[in-house]
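Here is the structure we will look at, set down as structure tokens.
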Amino acid sequence: MDDLIKRYIAETIHHLSVKERADVQQELEANILDMVGESPDEETIEETLLALGSPASLASQYRGRPRHLIGPDTFPLYWKVLCLVLLIAVPLAALFSIIGFIISPPAIALVEMVARTFAAAGSAVVLVFFWVTIAFALIDAQQISVGAEVWDRAALRALQEKAGKTIKANSVIGDLVGLAIGMLALTFLMTNSDLLALYSKEHAPIPLFIAVRLRPYLIAAMVVVFLSFLVAIIKLIRRRWSASILVISSSVTIITTAFWVFFLTRWNLYNPDLFAFLTLTQPRWQHIIRSLCGFCILMGAITIGTECYHALWKERV
Amino acid sequence: MYDDQILSNFITELNRGTLTLCVLSQLRTPQYGYALLQTLAEQQIVLEANTLYPMLRRLESQGVLKSSWDTTESRPRKFYQLSEDGVMVYERLKRHWLEQHTHIQTLLKEEHPHG
Chain A
120 MDDLIKRYIA ETIHHLSVKE RADVQQELEA NILDMVGESP DEETIEETLL ALGSPASLAS
180 QYRGRPRHLI GPDTFPLYWK VLCLVLLIAV PLAALFSIIG FIISPPAIAL VEMVARTFAA
240 AGSAVVLVFF WVTIAFALID AQQISVGAEV WDRAALRALQ EKAGKTIKAN SVIGDLVGLA
300 IGMLALTFLM TNSDLLALYS KEHAPIPLFI AVRLRPYLIA AMVVVFLSFL VAIIKLIRRR
360 WSASILVISS SVTIITTAFW VFFLTRWNLY NPDLFAFLTL TQPRWQHIIR SLCGFCILMG
420 AITIGTECYH ALWKERV
Chain B
1077 MYDDQILSNF ITELNRGTLT LCVLSQLRTP QYGYALLQTL AEQQIVLEAN TLYPMLRRLE
1137 SQGVLKSSWD TTESRPRKFY QLSEDGVMVY ERLKRHWLEQ HTHIQTLLKE EHPHG
């Protein structure tokens, strides 16, 4: 077979999923050889391949639907969320940086401090862009589209229902901003976990955690925050409570609560110097932490309860 | 003069659904891609190869066509034919098309009663 045909086929199947490549390759080979006929000259081959269109366009015909990282249905919402989160998270990242300088002033010139503040804001732009894009791309890959809900008489009547089943955009946007800030704070703590400390005029800051042990938990915390971020975006897309959204949201709340309880009760993470400074015995400290875990569980239960009330409200009235 | 590109888009839209019907009409007996392309061209049905080949695969994945490789010739060829479901789909599409065609003809005649 002619080398140009081989290269054309190879380039076409490169755009397809691995499982269909071998099949399409075999089929395209047979079809192209039929089209060019026996002992074709270079010109015939070129004309045939030009008539088939570019490898990318031919592959898109085989795929049947266009590929998007973020589809046209979701893009306006993606852009809105991205701008909103950037608008709040970037100044906050700069503020975190300035607070860091105030709490523990580094021995550097003012110009360098300003440069570092700008760098922190720049990092926030990259991070927000990365997380928001990944979240929307995942949602789009799962085909959770804006118009995916069933449109029938029940859905039509639901438009007239009281606001009980509507997910308020303001509250979800508030969650998104809070979660984005949480994500930034966790990223900041990855390299500056010593700043999470007890400060006093008489002593040097006493870190709350042992930095080396804390890092894997910070990564896990980022995953948990990201899950909540995903759920918030799904709520913003759907804007109405349904059984599936309730199950997803409650599951993530349970996972989040379980994670924080697990994290807080890892006793080897805490800095013993802190107990010594606070003159706390370990049983007393553990008692305080367990109370805090109880509070986390209570908050989780309240969140799930409130969501159940909103999602199932129609049946109750 | 109306924009040729827009007019061409209208014609593409008009043809889109009917091309599937044309392809199905020729597949009661097994045919391979290029032969089908030629058969359709002889019947004045213009269909690009880059539309037909992916269409055949798509129809196969939808269960409308079945395929088999013939390896007895000098080079292997993939033959497509209507499946059992495909025959039923084709018959219903054909009936729908003929009814639609009658309605549209009536509409167009009303538009030009003396035409």
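Chains A and B are the protein sequences, given in the same order.
Under this note's numbering, the residue at position 48 of the first sequence is numbered 167, and the numbers go up by one with no gaps.
Under this note's numbering, the residue at position 33 of the second sequence is numbered 1109, and the numbers go up by one with no gaps.
For every residue, glycine included, the Cβ atom is placed at its ideal position computed from N, Cα and C.
CB contact check: residue i to chain B, cutoff 8 angstroms
i, result
"A:Q180", "yes"
"A:N150", "yes"
"A:A377", "no"
"A:R126", "no"
"A:L123", "no"
"A:D153", "yes"
"A:E426", "no"
"A:E146", "yes"
"A:A129", "no"
"A:A170", "yes"
"A:A267", "For A:A267, the predicted model reports a pLDDT of 49, less than 50, meaning its position is unreliable and no value from the coordinates is stated."
"A:L298", "no"
"A:L177", "yes"
"A:G183", "yes"
Whole-Å CB distance - residue i paired with residue j, under 8 angstroms assumed
i, j, result
"A:G343", "A:I374", "Just to set this straight, residue 343 of chain A is Val in the shown sequence, not Gly. With a Cβ gap of about 6 angstroms, A:V343 and A:I374 count as contacting."
"A:F345", "A:L388", "Incorrect: roughly 21 angstroms between the Cβ atoms, too far for contact."
"B:L1169", "B:L1097", "5 angstroms"
"A:I95", "A:Q144", "In the structure as shown, chain A begins at 120 and stops at 436. Residue 95 of chain A is therefore absent and cannot be evaluated."
"A:L62", "A:L411", "Because chain A in this structure spans residues 120 to 436, residue 62 of chain A falls outside the shown range and cannot be described."
"A:L315", "A:L308", "6 angstroms"
"B:F1202", "B:Q1107", "Since the first and last residues shown for chain B are 1077 and 1191, residue 1202 of chain B lies out of range."
"A:L295", "A:S312", "Contact doesn't hold; Cβ gap of about 25 angstroms is too wide."
"A:L211", "A:I300", "6 angstroms"
"A:K284", "A:A430", "7 angstroms"
CB contact below 8 angstroms: residue i versus chain A
i, result
"B:R1092", "no"
"B:T1115", "no"
"B:N1085", "no"
"B:G1139", "no"
"B:G1109", "yes"
"B:K1154", "yes"
"B:R1151", "yes"
"B:T1182", "no"
"B:P1106", "no"
"B:T1127", "yes"
"B:R1171", "no"
"B:R1168", "no"
"B:G1191", "Bear in mind that a pLDDT of 49 at B:G1191, under 50, signals an unreliable position, so the model cannot answer this."
Buried or exposed (CB count within 10 angstroms, at least 16 for buried), residue i
i, result
"A:G456", "In the structure as shown, chain A starts at 120 and stops at 436, and residue 456 of chain A therefore has no counterpart that could be examined."
"A:I356", "buried"
"B:H1179", "exposed"
"A:T400", "exposed"
"A:W360", "buried"
"A:G190", "buried"
"A:E434", "Note that A:E434 scores a pLDDT of 49, beneath 50, so its modelled location is shaky; the value from the coordinates is reported in the next line. A:E434 should be labelled exposed."
"A:E146", "buried"
"B:V1122", "exposed"
"A:F348", "buried"
"A:F255", "buried"
"B:Q1120", "exposed"
"A:L188", "exposed"
"A:G293", "exposed"
"A:V386", "Checking the displayed sequence, the identity of residue 386 of chain A turns out to be Trp instead of Val. Classification for A:W386: exposed."
"A:N289", "exposed"
"A:A267", "Low local confidence applies: a pLDDT of 49 at A:A267 is under 50, so the model's placement there is unreliable, with the coordinate-based value given in what follows. By the neighbour-count rule (16 or more Cβ atoms within 10 Å), A:A267 is not buried but exposed."
"A:I132", "buried"
"A:K354", "buried"
"B:G1099", "The sequence given here places Val at residue 1099 of chain B; Gly does not occur at that position. Label assigned to B:V1099: buried."
"A:N390", "buried"
"A:V200", "buried"
Distance cut-off 7 angstroms: residue i Cβ against heavy atoms of the ligand SAH
i, result
"A:R126", "Among the ligands in the structure shown, none appear at all, so the ligand SAH cannot be discussed."
Assess, as a yes-or-no matter, whether the stretch 332 to 341 of chain A is touched by the stretch 351 to 367 of chain A under the definition of 3 or more beta carbon pairs within less than 8 angstroms. These segments do not touch.
As an exercise, report each continuous alpha helix (DSSP H) stretch of at least 4 residues that is fully enclosed by the stretch 285 to 328 of chain A, in chain order. Fully enclosed alpha helix (DSSP H) runs of 4 or longer: 288 to 311.
Does the structure place the stretch 190 to 197 of chain A close enough to the stretch 1134 to 1142 of chain B that three or more beta carbon pairs sit under 8 angstroms? Output reads no: the stretch 190 to 197 of chain A does not touch the stretch 1134 to 1142 of chain B.
Are at least three pairs of beta-carbons, each pair with one atom in the stretch 203 to 217 of chain A and one in the stretch 233 to 249 of chain A, less than 8 angstroms apart? A contact exists between the stretch 203 to 217 of chain A and the stretch 233 to 249 of chain A.
4 or more residues per run - each alpha helix (DSSP H) lying fully within the stretch 338 to 408 of chain A: The stretch 338 to 408 of chain A contains these whole alpha helix (DSSP H) runs: 362 to 383 and 391 to 397.
Looking at C-beta atoms only, is the number of pairs between the stretch 153 to 165 of chain A and the stretch 210 to 227 of chain A that lie closer than 8 angstroms three or more? The stretch 153 to 165 of chain A and the stretch 210 to 227 of chain A do not touch, with fewer than 3 CB-CB distances between them shorter than 8 angstroms.
Using 8 angstroms as the threshold, is the stretch 226 to 240 of chain A in touch with the stretch 252 to 261 of chain A, meaning 3 or more CB pairs across them? Judged by Cβ distances under 8 angstroms, the stretch 226 to 240 of chain A makes no contact with the stretch 252 to 261 of chain A, as fewer than three pairs qualify.
Threshold first: 4 residues or longer. Then list the alpha helix (DSSP H) segments lying entirely within the stretch 153 to 202 of chain A, N to C. Segments of the alpha helix (DSSP H) lying fully in the stretch 153 to 202 of chain A: 161 to 170 and 174 to 182.
So within the stretch 1080 to 1160 of chain B, which uninterrupted alpha helix (DSSP H) runs reach at least 4 residues, ignoring any that extend past its ends? Runs found: 1080 to 1101, 1109 to 1118 and 1125 to 1137.
Determine contact between the stretch 165 to 177 of chain A and the stretch 314 to 326 of chain A, defined as no fewer than three beta-carbon pairs at a distance below 8 angstroms. The count of Cβ pairs closer than 8 angstroms, one atom from the stretch 165 to 177 of chain A and one from the stretch 314 to 326 of chain A, stays below three, leaving the stretches out of contact.
Across the stretch 1093 to 1109 of chain B and the stretch 1126 to 1137 of chain B, are there enough close Cβ pairs to call them in contact, namely three or more that are closer than 8 angstroms? The stretch 1093 to 1109 of chain B is in contact with the stretch 1126 to 1137 of chain B.
Segment contact flag, the stretch 174 to 186 of chain A with the stretch 1144 to 1164 of chain B, C-beta cutoff 8 angstroms, min 3 pairs: The stretch 174 to 186 of chain A, when compared against the stretch 1144 to 1164 of chain B, does not touch it at the 8 angstroms Cβ threshold.
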